[in-house]
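Under the working numbering, the first residue of the sequence shown carries the number 11, and numbering increases by one thereafter. Quick reminder that beta carbons are idealized off the backbone N, C-alpha and C, glycines included. Quick caveat, the model's predicted, so the values are computed rather than measured. Each remark here refers to the structure printed beneath this line.
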Amino acid sequence: MPASDRNRRLTQFLDLLRGARRFLLTGHENPDGDCIGAQVALFHLLRALGKEVQIGNPDPLGRAYDFLLRHTPIGHLRGDDPLPAVDAVVLLDCCQLSRLGPLGRRIATSGAKIAVIDHHVGSESGDGDVAYVDPGAAATGALVRRLFRECSVPLSEPAAEGVFLSLVADTGWFRYSNADHEVFTMAAELVAAGVDGSVLFDRLYRRNHPDCAGLLGTALLRHSLRCDGRLAIACLDRDYMERAARADFDTDAVLDPLRSLDGVEVVALLKERFDGSVKVSLRARGDLDVQAVAATWGGGGHRKAAGATVRLALGDAERAVVAEVQRALGTAEATRP
Ligand SMILES: [Mn+2]
Numbered sequence: 011m012p013a014s015d016r017n018r019r020l021t022q023f024l025d026l027l028r029g030a031r032r033f034l035l036t037g038h039e040n041p042d043g044d045c046i047g048a049q050v051a052l053f054h055l056l057r058a059l060g061k062e063v064q065i066g067n068p069d070p071l072g073r074a075y076d077f078l079l080r081h082t083p084i085g086h087l088r089g090d091d092p093l094p095a096v097d098a099v100v101l102l103d104c105c106q107l108s109r110l111g112p113l114g115r116r117i118a119t120s121g122a123k124i125a126v127i128d129h130h131v132g133s134e135s136g137d138g139d140v141a142y143v144d145p146g147a148a149a150t151g152a153l154v155r156r157l158f159r160e161c162s163v164p165l166s167e168p169a170a171e172g173v174f175l176s177l178v179a180d181t182g183w184f185r186y187s188n189a190d191h192e193v194f195t196m197a198a199e200l201v202a203a204g205v206d207g208s209v210l211f212d213r214l215y216r217r218n219h220p221d222c223a224g225l226l227g228t229a230l231l232r233h234s235l236r237c238d239g240r241l242a243i244a245c246l247d248r249d250y251m252e253r254a255a256r257a258d259f260d261t262d263a264v265l266d267p268l269r270s271l272d273g274v275e276v277v278a279l280l281k282e283r284f285d286g287s288v289k290v291s292l293r294a295r296g297d298l299d300v301q302a303v304a305a306t307w308g309g310g311g312h313r314k315a316a317g318a319t320v321r322l323a324l325g326d327a328e329r330a331v332v333a334e335v336q337r338a339l340g341t342a343e344a345t346r347p
């Protein structure tokens with residue numbers, strides 16, 4: 011996108027931010043660390059600008075994130091809860107109301123202006139009346155950090171904690187290839203603003219339910235290597251997902267050990283949902299563009315991390331994913347013992 015276009019879009023976005031008085035911040039179903047961290051930071055930016063603001067997500071806050079509540083109210087809007095009267099709804103870390111389930115349909119008919127802040131490819135053409143989008147940004151929280159500067163608002167400690175959560179969530183604690191100069195520069199500012207990374211790490215990952223070790227082990231035992239060892243795939247059925255939900259186990263923890271295997275270029279995690287559809291999460295280590303693979307089923311994301319919902323039974327979804335990854339890798343299928 012030409013720079014003039016980008017500037018025009020940012021100006022439109024800032025005009026809406028300044029013009030509206032009452033805001034609802036929301037995001038995709040099962041909000042992750044980037045989505046929630048960006049919401050927390052934007053909450054404090056808008057409050058500093060004198061706005062009325064509330065956060066209402068389509069799903070309840072995961073237990074790992076409950077420490078954020080000491081500074082920031084993070085609500086959950088059920089399908090039949092009344093929508094708060096607001097002038098603008100801000101979608102963070104996604105661009106389509108369809109990603110919000112029933113809540114999205116109610117927002118669509120509410121008459122509120124829709125603003126999008128996102129870093130996924132193609133989000134300019136989502137449901138936002140205005141959109142602040144940069145696919146080059148490592149996290150949505152990084153975009154909110156830039157908005158603090160645009161609005162000349164200094165970072166408060168609660169806002170800094172939100173941005174830091176976003177950055178670590180989407181860069182795998184600064185290990186992924188998207189951990190660029192901006193990420194490390196921001197991280198230094200956030201630490202200067204009072205964030206303690208090691209305390210945050212303990213709060214996020216070291217308060218797990220005792221069942222989580224067994225759940226991780228079970229999921230890892232279910233993996234298989236396909237496509238001549240270049241694809242690691244694990245399928246989690248509904249029964250497993252119910253047990254994971256009871257222990258609030260973040261199944262994304264399964265991805266990294268699989269990605270660590272020598273020769274593995276793609277990891278696919280398939281989760282059977284309660285409605286019978288299958289959520290496919292894809293991660294790439296090499297050059298393969300998993301966003302293009304996810305697009306086969308109408309999904310999206312980034313080159314190295316993408317997802318889609320597949321409307322097939324779990325076994326059929328597994329076959330479809332193997333076939334699609336195999337096509338993308340341009341290799342013959344060979345299953346290792
Ligand atoms: Mn993100």
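Between the Cα of residue i and the Cα atoms of the options, which residue gives the shortest distance?
i	options	result
residue 112	175, 218, 36 and 50	36
residue 185	12, 38, 277 and 295	295
residue 66	73, 92, 44 and 299	92
residue 39	72, 33 and 32	72
residue 268	226, 256 and 299	226
residue 119	141, 133, 96 and 102	96
residue 331	293, 312 and 297	293
residue 229	205, 134, 202 and 266	266
residue 94	301, 109, 121 and 215	121
residue 102	42, 62 and 88	42
residue 215	159, 182 and 188	182
residue 15	141, 311 and 301	141
residue 297	187, 64, 107 and 136	187
residue 136	22, 107 and 86	107
residue 197	232, 151 and 64	151
residue 232	328, 85, 64 and 63	328
Between the alpha carbons of residue i and residue j, how many angstroms are there, rounded?
i	j	result
residue 263	residue 218	12 Å
residue 76	residue 208	17 Å
residue 161	residue 337	47 Å
residue 306	residue 191	32 Å
residue 241	residue 234	8 Å
residue 179	residue 30	30 Å
residue 34	residue 117	10 Å
residue 272	residue 291	20 Å
residue 61	residue 255	35 Å
residue 143	residue 239	36 Å
residue 89	residue 70	12 Å
residue 20	residue 326	43 Å
residue 344	residue 311	Bear in mind that a pLDDT of 43 at residue 344, under 50, signals an unreliable position, so the number given afterwards is only what the model happens to contain. Whole-angstrom Cα-Cα distance: 28 Å.
residue 159	residue 24	12 Å
residue 134	residue 333	31 Å
residue 32	residue 87	17 Å
residue 155	residue 206	18 Å
residue 11	residue 301	20 Å
residue 13	residue 28	22 Å
residue 147	residue 251	32 Å
residue 195	residue 115	39 Å
residue 22	residue 85	28 Å
For residue i, which residues in the same chain have their Cβ closer than 8 Å to its Cβ, ignoring the five residues on either side in sequence?
i	result
residue 139	26, 123, 124 and 125
residue 163	55, 58 and 59
Taking the Cβ atom as the reference point for each residue, do residue i and residue j lie within a distance shorter than 9 Å?
i	j	result
residue 175	residue 153	no
residue 177	residue 200	yes
residue 278	residue 193	no
residue 45	residue 104	yes
residue 317	residue 289	yes
residue 243	residue 253	no
residue 99	residue 127	no
residue 339	residue 276	yes
residue 213	residue 74	yes
Can you list, in chain order, the residues of its chain whose CB lies under 7 Å from that of residue i, leaving out five sequence neighbours each side?
i	result
residue 145	129, 130 and 131
residue 321	287
residue 324	245, 247, 280, 282 and 288
residue 18	none
residue 270	none
residue 204	167 and 170
residue 63	33, 35, 53, 56 and 57
Skipping 5 residues on each side, what residues in its chain have a beta carbon closer than 6 Å to that of residue i?
i	result
residue 172	47, 50 and 51
residue 149	44, 176, 177 and 180
residue 299	313
residue 359	This structure does not reach residue 359, given that the chain is present from 11 up to 347, and the question cannot be answered.
residue 189	181
residue 315	293
Report task. Evaluate contact between the segment 275-285 and the segment 235-250, counting only Cβ atoms and requiring at least three cross-stretch pairs below 8 Å. Result -> Contact between the segment 275-285 and the segment 235-250 is present: 3 or more CB-CB pairs across the two stretches fall below 8 Å.
Query raised in the report: Should the segment 216-231 be called in touch with the segment 260-274, which here means at least 3 C-beta pairs below 8 Å?
Result: yes
Query - Three or more C-beta pairs below 8 Å linking the segment 79-96 and the segment 166-183 - result: yes
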